[in-house]
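Here the structure is laid out as structure tokens; the discussion comes afterwards.
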Amino acid sequence: MNSKLELLVVEDKEAHQYTIKKVLEKRTDIISKIKIVKNTREVLNILKKEYFNSLLLDYQLRSETALDVLEALSKEGYKVPSVILTNDAQRVDEVKAKKLGCFQIFDKFGYYGDDSALDRSVVALMERAKYKDFMEANCILVPACIDGTIIQIPAPEILTICSTYLGRVIYTESGVIETNLNFKVYEQYSYPQFARAAKDHVVNLSKVEFCDSKYRFIILEKNIHVIEKIEIPRTNREKFKMAWELYKGIS
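Residue numbers (this note's numbering): 3 to 253.
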């Protein structure tokens, strides 16, 4: 993949702006452009004139928060992958942030040092850019089929594939996609990154935040669908254990 980050930073403290620019200008390996703005108005103005593929926001600005900025962008139709940096992650509504396009929240502790939050945030943005450019990045693609039309979804975007009273659906980071394909197709096609956790869930194992030591349940990372705990039936625990151990061994 040849593309780099064209990064828009939202930070309203001048001293922090200077330091951020100084630190990030060293990352020419993954960043080709950096611009820093102070608030929603400046973000909207610059996006009308220039293209950016990534957004990094300080959570607490003078008269608004990062979520206010993202909400304004969403209303204007902008969809820019973003990360938020904050001194207190508990103050951030993570589910709302994900709905607005923020895929990760970083604690500011160790903001500018080696392996800093700032550095890790741009690395995460670069990884996200790779997912978006999945044809060049050669990611796993997961199919969905409705009325004979097949679309391909980058695996890193998928949370779980689920059977509901409405039929089979794929829950992604940003929405829901219906599919006519059955679970066996997904298990066979996407193994070992995906595994059946329950009768009605084929789960993306990279989205599992916690796995019970006795394989009774898993906890998924926070998401816009509020799908969190998935119970693993006794009859499926041994099979899921094998899939989980294989995945952890190669990830």
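Note that CB positions come from ideal geometry on N, CA and C, so glycine has one too.
It should be emphasised that the depicted structure is a prediction, and the values quoted were computed from it without experimental measurement.
Going by DSSP, which residues form a beta bridge with residue i?
i: Pro145; result: Gln154
i: Asn206; result: Phe196
i: Glu180; result: Val171
i: Ser165; result: Arg170
i: Val39; result: Val12
i: Thr67; result: Gln62
i: Lys109; result: Position check: residue 109 holds Asp in this sequence, whereas Lys was assumed. Beta-bridge pairing links Asp109 to Thr88.
i: Lys98; result: Looking at the DSSP assignment, Lys98 forms no beta bridge with any residue, so it has no partner.
i: Lys231; result: Ile221
i: Ser56; result: Leu9
i: Ile33; result: Leu7
i: Glu160; result: The displayed chain sequence assigns Ile, not Glu, to residue 160. Thr174.
i: Phe212; result: Ile221
Are the beta-carbon atoms of residue i and residue j separated by less than 9 angstroms?
i: Val11; j: Lys50; result: no
i: Asp109; j: Arg64; result: no
i: Lys77; j: Asn225; result: no
i: Arg218; j: Ile234; result: yes
i: Val204; j: Ile220; result: no
i: Ala126; j: Val85; result: yes
i: Phe242; j: Arg170; result: no
i: Val39; j: Ile32; result: no
i: Tyr61; j: Val94; result: yes
i: Asp121; j: Arg236; result: no
i: Met128; j: Lys6; result: yes
Among the options, whose alpha-carbon lies nearest the alpha-carbon of residue i?
i: Ser34; options: Leu26, Arg236 and Asn184; result: Leu26
i: Ala119; options: Leu87, Gly177 and Gln62; result: Leu87
i: Ser176; options: Arg43, Asn47, Lys216 and Val82; result: Val82
i: Val124; options: Pro158, Lys209 and Leu59; result: Leu59
i: Tyr80; options: Thr42, Lys241 and Val97; result: Thr42
i: Tyr173; options: Lys209, Lys24 and Glu16; result: Lys209
i: Ala245; options: Leu207, Leu168 and Thr30; result: Leu207
i: Leu248; options: Glu159, Gln195, Asp90 and Thr21; result: Gln195
i: Ala200; options: Glu240, Arg122, Glu211 and Ser215; result: Glu240
i: Ala157; options: Ile142, Asn238, Thr151 and Glu44; result: Ile142
i: Asp214; options: Asp90, Ile232 and His227; result: Ile232
i: Glu211; options: Gln154, Leu46, Ile153 and Lys250; result: Lys250
i: Asp202; options: Ala68, Gln154 and Leu168; result: Leu168
i: Asn238; options: Glu223, Ala91 and Lys216; result: Lys216
i: Arg130; options: Ile152, Gln154, Thr151 and Glu159; result: Glu159
i: Leu9; options: Ala17, His18 and Ile22; result: Ile22
Discussion item. When you compare the segment 178-192 with the segment 154-167, are there three or more beta-carbon pairs, one atom per stretch, that lie closer than 8 angstroms?
Written reply: Counting Cβ pairs under 8 angstroms, three or more are found: they touch.
The segment 99-109 in contact with the segment 58-76 per 3-pair CB rule at 8 angstroms
yes
Hey, is the segment 144-160 in contact with the segment 43-61, meaning 3+ C-beta pairs nearer than 8 angstroms?
The answer is no - the segment 43-61 does not touch the segment 144-160, with fewer than three Cβ pairs under 8 angstroms.
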